[in-house]
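Below is one structure; the comments refer to it alone.
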Amino acid sequence: MRKNGLLLYVLEFFCIFAVLPAANAEIDPLKYVEQIDSSQEISHVYLKLNNSLDKESVSSDAAAITKKNCARNYRLAIIQKGPHERFKIMIRAHLIKLWEDGYMDLPVSLASGFDYDDPEIWGKIADASAGSCVQLIKDGYYSSDWNENEWEKVHASLRKRILQERDVDILLGMGVAAGLQFADSSLGIPVMIVDPSSPEAAGIIGPGKFSNKSNVHVQKYPKRELMTLSSFYEIFGFKDLGIIVDSDPDMQNAQSFSLIKKIASELGINLHYCVGSIHDSGNPESQREFLRCRDEIKDKIDAIYLPLFNGIPDKNFFSYIRPLVEKDIIVISSNRIMEVKKGSLITLVEDGIEESGRFEADVMEKIIDGVKPEMINQNYNTNLSFALNMKTAKLVNWKPSFELLMSVAYLFDTIDFD
Numbered sequence: 001m002r003k004n005g006l007l008l009y010v011l012e013f014f015c016i017f018a019v020l021p022a023a024n025a026e027i028d029p030l031k032y033v034e035q036i037d038s039s040q041e042i043s044h045v046y047l048k049l050n051n052s053l054d055k056e057s058v059s060s061d062a063a064a065i066t067k068k069n070c071a072r073n074y075r076l077a078i079i080q081k082g083p084h085e086r087f088k089i090m091i092r093a094h095l096i097k098l099w100e101d102g103y104m105d106l107p108v109s110l111a112s113g114f115d116y117d118d119p120e121i122w123g124k125i126a127d128a129s130a131g132s133c134v135q136l137i138k139d140g141y142y143s144s145d146w147n148e149n150e151w152e153k154v155h156a157s158l159r160k161r162i163l164q165e166r167d168v169d170i171l172l173g174m175g176v177a178a179g180l181q182f183a184d185s186s187l188g189i190p191v192m193i194v195d196p197s198s199p200e201a202a203g204i205i206g207p208g209k210f211s212n213k214s215n216v217h218v219q220k221y222p223k224r225e226l227m228t229l230s231s232f233y234e235i236f237g238f239k240d241l242g243i244i245v246d247s248d249p250d251m252q253n254a255q256s257f258s259l260i261k262k263i264a265s266e267l268g269i270n271l272h273y274c275v276g277s278i279h280d281s282g283n284p285e286s287q288r289e290f291l292r293c294r295d296e297i298k299d300k301i302d303a304i305y306l307p308l309f310n311g312i313p314d315k316n317f318f319s320y321i322r323p324l325v326e327k328d329i330i331v332i333s334s335n336r337i338m339e340v341k342k343g344s345l346i347t348l349v350e351d352g353i354e355e356s357g358r359f360e361a362d363v364m365e366k367i368i369d370g371v372k373p374e375m376i377n378q379n380y381n382t383n384l385s386f387a388l389n390m391k392t393a394k395l396v397n398w399k400p401s402f403e404l405l406m407s408v409a410y411l412f413d414t415i416d417f418d
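For the record, in the sequence shown the residue sitting at position 17 is 17 according to my numbering, with numbers rising by one throughout.
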């Protein structure tokens with residue numbers, strides 16, 4: 001491994017959670033892991049949120065909430081191309097932040113298992129929020145379940161509703177696809193886009209801290225992709241990187257494909273990519289497409305980057321990457337701890353995805369209080385940490401450095417084969 005200034009610079013951005021040996025000496029990674037209590041093997045990134053939102057805490061804290069007396073009510077709709085675990089966490093955190101700050105009433109049941117795309121739960125939230133500063137529209141959830149043909153109908157229907165029926169006062173869009181369709185000043189309502197990968201490269205918004213579109217706020221994580229790919233390049237020094245991307249242009253934007261190509265070129269990395277319909281990991285066809293692409297590029301690469309929506313199901317995950325591991329190929333996952341638990345070597349993750357939802361809730365509160373969206377800083381910054389699987393490291397004959405171990409927050413010494 002190369003140790004230079006850029007790696008140390010990158011590591012400064014990451015939180016240090018691991019308990020480290022006292023001596024800065026050669027470390028046997030597996031022996032080091034054995035010293036860690038099994039209960040500390042993985043820190044659950046959602047623990048803080050879940051612990052603070054049990055029924056008892058919600059019930060006892062409800063009396064302490066001071067409800068805002070807003071000049072008007074804002075009817076809220078939410079749109080996404082399809083459901084995703086990140087969106088679920090972010091939306092839950094978003095709504096609860098509004099509740100904590102007195103902008104929205106919520107049912108206590110929200111705390112005990114929250115699937116916002118369940119019509120019954122959505123209806124309960126809508127009923128409870130009626131009359132609040134922010135009130136969820138009872139039929140204001142829009143999703144195509146990642147169906148391309150259905151997506152055209154879904155976003156067209158919402159756009160028509162906003163422009164003609166005028167019963168949507170504020171819109172929350174999740175991800176790149178929603179951003180491409182609704183980061184639009186002509187809608188005449190405040191629009192907030194959460195968790196869009198590379199929004200500038202995707203053409204959703206212009207550069208800068210503040211929006212170049214009136215009534216639009218797009219959450220940005222400045223230089224995240226550059227930091228991510230650069231750090232992995234400095235750690236492993238790979239020359240030939242593989243990536244499997246979806247055939248849908250919207251999904252490629254969500255996977256930051258154009259930006260990855262640009263960064264790889266700037267770093268002098270040979271990028272080998274394969275395109276297939278892989279976005280639905282529960283669909284056997286997407287799984288077959290991943291296998292086809294894997295076999296097409298595996299003899300050309302020394303590392304592979306698995307983006308979001310990569311076609312690999314959670315069940316039996318390792319069987320899909322085993323041929324790569326057996327060739328000592330470095331398997332890097334995009335922001336998914338679960339994939340590292342199941343055998344991917346490494347990933348970089350946010351230290352609390354819920355903070356993204358709370359950040360945008362704060363933006364929504366400012367808008368309700370009279371601040372224009374384009375006057376609110378779009379840059380969202382959070383700490384990043386590594387998740388690392390030491391069993392996979394041993395299988396690919398790689399040992400992490402002391403510096404890297406310092407920035408590992410989620411450490412696994414086994415592979416979950418379920």
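Using N, Cα and C, we set each Cβ at its ideal position, and we do this for glycine too.
Q. Can you name the residues that DSSP bridges to residue 359?
A. DSSP lists no partner for residue 359.
Q: Look up residue 333 in the DSSP assignment and say whether it is helix, strand or coil.
A: Strand at residue 333.
Q. Counting pairs of Cβ atoms below 8 Å between the stretch 184-191 and the stretch 151-168, do you hit three or more?
A. Pairwise C-beta distances place the stretch 184-191 in contact with the stretch 151-168, as three or more of them are shorter than 8 Å.
Q) Is DSSP giving residue 452 helix, strand or coil here? A) Since the displayed the chain opens at 1 and closes at 418, residue 452 lies outside it and no answer follows.
Q | Other residues of its chain near residue 144: CB distance less than 7 Å, five sequence neighbours each side excluded | A | Sequence-distant partners of residue 144 (beyond 5 residues in either direction) whose C-beta falls short of 7 Å from its own C-beta, in its chain, are 81, 82, 150, 151, 154.
Q. Skipping 5 residues on each side, what residues in its chain have a beta carbon closer than 7 Å to that of residue 371?
A. Same-chain partners within the cutoff: there are none.
Q) Taking 8 Å as the CB-CB limit, is residue 391 close to chain D? A) The structure shown contains no chain D, having only a single protein chain.
Q: Would you give the residue range spanned by the alpha helix (DSSP H) that residue 100 belongs to?
A: Run containing residue 100: 85-100, per the alpha helix (DSSP H) assignment.
Q: Label residue 394 either buried or exposed according to how many other C-beta atoms from any shown protein chain fall within 10 Å of its C-beta, with 16 as the threshold for buried.
A: Exposed: under 16 other Cβ atoms inside 10 Å.
**Q.** Cβ neighbour criterion (16 or more within 10 Å) applied to residue 418
**A.** Taking a 10 Å sphere around the C-beta of residue 418, we find fewer than 16 other C-beta atoms and assign the residue as exposed.
Q. Alpha carbon to alpha carbon, what distance is there between residue 398 and residue 405?
A. When rounded, the distance between both Cα atoms is 13 Å.
Q. Taking residue 92 as the reference, which of 334, 212, 354, 369 has the closest Cα?
A. When each option's Cα is compared against that of residue 92, the closest is 354.
Q. To the nearest angstrom, how far is it from the Cα of residue 146 to the Cα of residue 239?
A. Whole-angstrom Cα-Cα distance: 34 Å.
Q | Exposure of residue 392, with buried meaning 16 or more beta-carbon neighbours within 10 Å | A | Buried.
Q. Could you give the distance in angstroms between the alpha-carbon of residue 364 and the alpha-carbon of residue 382?
A. So the alpha carbons of these two residues sit roughly 19 Å apart.
Q: Report yes if the C-beta distance between residue 90 and residue 357 is below 8 Å; otherwise report no.
A: For residue 90 and residue 357, yes; Cβs fall inside 8 Å.
Q | Supposed close pair residue 75, residue 137 - CB separation, criterion 8 Å | A | Contact holds; Cβ gap of about 5 Å.
Q.
Residues in the same chain with beta-carbon distance under 7 Å from residue 24, minus the five sequence neighbours each way, listed in chain order, please.
A. Its pLDDT being 32, under 50, residue 24 is placed unreliably in this model, and the coordinates cannot settle the point.
Q: For the beta strand (DSSP E) holding residue 389, just list the boundary residues, first then last.
A: From DSSP, the beta strand (DSSP E) with residue 389 extends over 384-389.
Q: Provide the residue(s) that pair with residue 135 in DSSP beta bridges, ordered along the chain.
A: Paired residues: 75.
(Q) Suppose the cutoff is 6 Å on Cβ atoms and the five residues either side in sequence are ignored; what does the same chain contact list for residue 98 look like? (A) Excluding residues up to 5 positions away in sequence, 104, 134, 361 lie with their Cβ nearer than 6 Å to the Cβ of residue 98 in the same chain.
Q) Based on the DSSP secondary-structure assignment, which residues constitute the bridge partners of residue 172? A) DSSP output for residue 172 lists 78, 192 as bridge partner(s).
Q | Continuous alpha helix (DSSP H) stretch holding residue 162: start and end | A | Where residue 162 is concerned, there is no enclosing alpha helix (DSSP H), given that its DSSP letter is neither H nor E.
Q: Kindly confirm or deny that the stretch 229-238 and the stretch 272-288 touch, where touching means at least three C-beta pairs closer than 8 Å.
A: Short answer: they don't touch.
Q: Output the distance between the C-alpha atoms of residue 334 and residue 78, rounded to the nearest integer angstrom.
A: Near 25 Å, if we compare the C-alpha coordinates of residue 78 and residue 334.
Q) Between which two residues does the beta strand (DSSP E) harbouring residue 408 extend? A) Under the DSSP assignment, residue 408 falls in the beta strand (DSSP E) whose first and last residues are 408-412.
Q. How far does the alpha helix (DSSP H) with residue 350 in it reach, from first residue to last?
A. Premise fails: residue 350 lies in the beta strand (DSSP E), 346-350, not in any alpha helix (DSSP H).
Q: Give every residue of the same chain whose Cβ lies closer than 8 Å to the Cβ of residue 324, excluding the five residues on either side of it in the sequence, and list them in chain order.
A: Excluding residues up to 5 positions away in sequence, 294, 298, 304, 331 lie with their Cβ nearer than 8 Å to the Cβ of residue 324 in the same chain.
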